[in-house]
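Shown next, in structure tokens, is the structure this report addresses.
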Amino acid sequence: MVDFLLTQANLPFTLSLAFVLILGVLEALSLCIGYSLVGALDDWAPSDVDVGSHGVGPNEVSGLTEIAAWLCLDRLPLLIWFVLVLISFSITGYISNYLSMAINNELLPQSVTLPIALFFTALSCRYVGALVARILPKNGSGAVSIDGLLGSVGTVTIGCAIKGNPSEALVKDQYQQKHYVLVEPELAGIEFSRGTQVVLLRREGTVWSAARFDS
């Protein structure tokens, strides 16, 4: 078994599994001192990580948002989602090589197993991630509809929003659940750069008109 796990063909999957174990140990240690990596990483990433560029148009932003939603990235804490990716990647790779060994008595090359693992990892994020999101405890007893975000404060996460060219913003509802929405200034001549806090005023289709939030 050890030889199987440590073969060159299985090295990416073994490293992924080892990283999960390291994250588990770090989370356990952090909880002992009253600090959670899950919560810390989830709070840090959306506002500090830029996944786009200032030249991103509305179609590209919408596409990125839809992909993130399909992969359940907006429904799970980032660290839990990352662990799901690593575990799914490892298990799929091991199963592929195990079946190949059982049938052909040889391991598959990484050029074959890596695409297979990535494909099934995406499916795992979609379906297993949705199941995990339903199981995870929520901070409230109800769900908020998209129109229920009216008046909420969000933070622009991608690009620079101008009238007619929306950008993505992260909004938290009263239950602290995250929503990724498209926002644009209510008036022409105003720009919302990455990191700008805005107030959602009204929704037209998938785009919210917003004003700069002044605390």
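FYI, in our numbering the residues of the sequence shown are 140 to 354.
Ideal Cβ placement from N, Cα and C applies to all residues, glycine included.
Asked                                                                                                                                                                       : Found
When you compare the CB positions of Leu339 and Gly268, do they come within less than 8 Å of one another, or not?                                                           : no
Take Ser227 and list the residues in its own chain whose beta-carbon comes closer than 6 Å to its own, dropping the five residues that flank it on each side.               : Thr260 and Ser263
Pick out whichever of Tyr319, Arg351, Ile329 and Asp142 has its Cα sitting closest to the Cα of Thr345.                                                                     : Tyr319
Drop a sphere of 10 angstroms on the beta-carbon of Phe152, count the other beta-carbons inside from all chains shown, and report buried for 16 or more, exposed for fewer. : buried
Ser428 to Val322, Cα distance in whole Å?                                                                                                                                   : The structure shown does not extend to residue 428, since the chain spans only 140 to 354, so no value can be given for it.
Tell me which residue opens and which closes the alpha helix (DSSP H) that Pro305 is part of.                                                                               : Counting along the chain, Pro305 falls outside any alpha helix (DSSP H), and DSSP gives it neither H nor E.
How long is the line joining the alpha carbons of Val160 and Ser235, rounded to whole angstroms?                                                                            : The residue asked about is misnamed: residue 160 is Leu in this sequence, not Val. Spanning the two alpha carbons is a distance of roughly 22 Å.
Output yes or no for whether 8 Å exceeds the beta carbon distance between Gln336 and Thr294.                                                                                : yes
Consult DSSP for Glu205 and reduce its assignment to one of helix, strand or coil.                                                                                          : helix
Considering only C-alpha positions, which residue in the set Arg342, Glu307 and Arg333 is nearest to Glu205?                                                                : Glu307
Helix, strand or coil: how does DSSP classify Arg333 here?                                                                                                                  : coil
Once DSSP output is grouped into helix, strand and coil, what is the label at His193?                                                                                       : Legend: pLDDT at His193 = 42, less than 50; position of this residue unreliable, value from coordinates given subsequently. Of the three classes helix, strand and coil, the one that applies to His193 here is coil, per DSSP.
Buried or exposed: where does Val164 fall if 16 or more other Cβ atoms within 10 Å of its Cβ makes it buried?                                                               : exposed
Applying the criterion that 16 or more other CB atoms from any shown protein chain within 10 Å of the CB defines a buried residue, is Gly334 buried or exposed?             : exposed
Between which two residues does the alpha helix (DSSP H) holding Gly232 run?                                                                                                : Leu217 to Asn243
Tell me whether Thr294 sits in a helix, a strand or coil according to DSSP, three-state version.                                                                            : strand
Helix, strand or coil: how does DSSP classify Arg341 here?                                                                                                                  : strand
Suppose the cutoff is 6 Å on Cβ atoms and the five residues either side in sequence are ignored; what does the same chain contact list for Gly232 look like?                : Phe152, Thr252 and Ala256
Counting only the same chain and skipping the five closest in sequence on each side, list residues whose C-beta sits under 6 Å from that of Leu144.                         : Thr153
Per the DSSP calculation, Ser348 is bridged to which residue(s)?                                                                                                            : Glu323 and Arg341
Round the Cβ separation of Ala350 and Glu330 to the nearest angstrom and send it over; I've been treating them as touching at under 8 Å.                                    : Not really, about 13 Å apart at Cβ, beyond 8 Å.
Tell me which residue opens and which closes the alpha helix (DSSP H) that Pro254 is part of.                                                                               : Gln249 to Ile274
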